[in-house]
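As structure tokens, the structure follows; a few thoughts come after it.
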Amino acid sequence: MIKSIALYCIAIVGMAFPAAGQAPSSQIQSRVDAVVVKAYEAASVQFPCKAKSGGSPKMVRWQDVAKCVNYANDRVDWEDISRQLQDIRKEFRVQAEEMLSLAEASLASHKLSFDKVFIIKDERALLPLSNSLLKFLPEGSLQDLPVFEKALKKQVGTFAGLYSFDKSGELSGNRSRLVLFQYNDLKGNIHSAAERLLLDQFGLPWKDAKSQPGFRLPADKISLK
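The number in the working numbering is simply the position in the sequence shown, starting from 1, with 194 added.
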């Protein structure tokens, strides 16, 4: 009888105080979210960025887009972000892969719409589908919006998603990743933007894009050891 009571008490204590590494996932996610929010606050200090447009068809300057989003990413102290996430991982005894997954989910959930990132006065201007813009584009954004090719000065299809391409430098040998896009032509056939540097060869209407998710901090600079 005494033994049964003792076992019952141990079970109650175990329920009240979960073993290390078994903290509620919501508690861990809340801590991760707090770190990610600080990262977005640092990135968006100068948002929204003014971006000029010109040419025929009128296209937003790809240089303005690249400067805005790349500087935003560079303003984040990724070493400090990694350190804070590593501290949380150790505190709750979470595997590195799981912590990275939690961080990626949080980064995606705090994405910003295009109108929070850019100020573009001309509603008719085309937003360039440059590598810089695509690198920070949230998954699923811009789906089925009209895609225009600058050289042809007309719509060539509709946006059909992202894909990436790893490229090695001819001299350095360093590998880099280009994020590209696909589009469905007006007959429904899918095309890729080709494995090349994209600046302002393609674009889509700002008036259609501005309310879409437009900026997501990537997790590629997070390091968990």
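C-beta: ideal position from N, C-alpha, C; glycine also.
Under DSSP, TYR357 shares a beta bridge with LEU374. Using a Cβ-Cβ distance cut-off of 8 Å, the region 311-330 and the region 242-261 are in contact, since at least three pairs of beta carbons, one from each stretch, lie closer than that value. Taking ALA403 as the centre and dropping the five residues before and after it, the same chain places the C-beta of PHE308, LEU321, LEU336, LEU339 closer than 7 Å to its C-beta, in chain order. For the pair LEU346 and GLY408, the CB atoms are not nearer than the 8 Å cut-off. PHE359 is a Cβ neighbour of GLU389, given a cutoff of 8 Å. Just so you know, the alpha carbons of VAL350 and PRO399 end up roughly 13 Å apart. Per DSSP, the unbroken alpha helix (DSSP H) holding LEU294 starts and ends at 290-303.
SER250 is classed as exposed because its beta carbon has fewer than 16 other beta carbons within 10 Å across all chains shown. Contact annotation, LEU374 with LEU392: C-beta distance approximately 7 Å; criterion of less than 8 Å satisfied. Looking at the backbone, the Cα of THR352 and that of SER326 are separated by about 20 Å. With contacts defined by Cβ atoms closer than 8 Å, VAL231 and GLN278 do not form a contacting pair. Under the three-state reduction of DSSP, ASP227 is assigned to helix. Cβ-Cβ distances below 6 Å link ALA387 to LEU374, PHE375 in the same chain, with the five nearest sequence neighbours on each side left out; the list follows chain order.
In terms of CA proximity to ASN378, ALA354 leads the group ALA354, ASP394, CYS262, GLN221. The beta carbon of ASP316 sits closer than 8 Å to the beta carbons of SER247, LYS252, TRP400 from its chain, once the five residues preceding and following it are set aside; these are given in chain order. DSSP, reduced to helix, strand and coil, places VAL311 within a helical segment of the structure shown. GLU273: member of the alpha helix (DSSP H) spanning 272-286, first to last residue.
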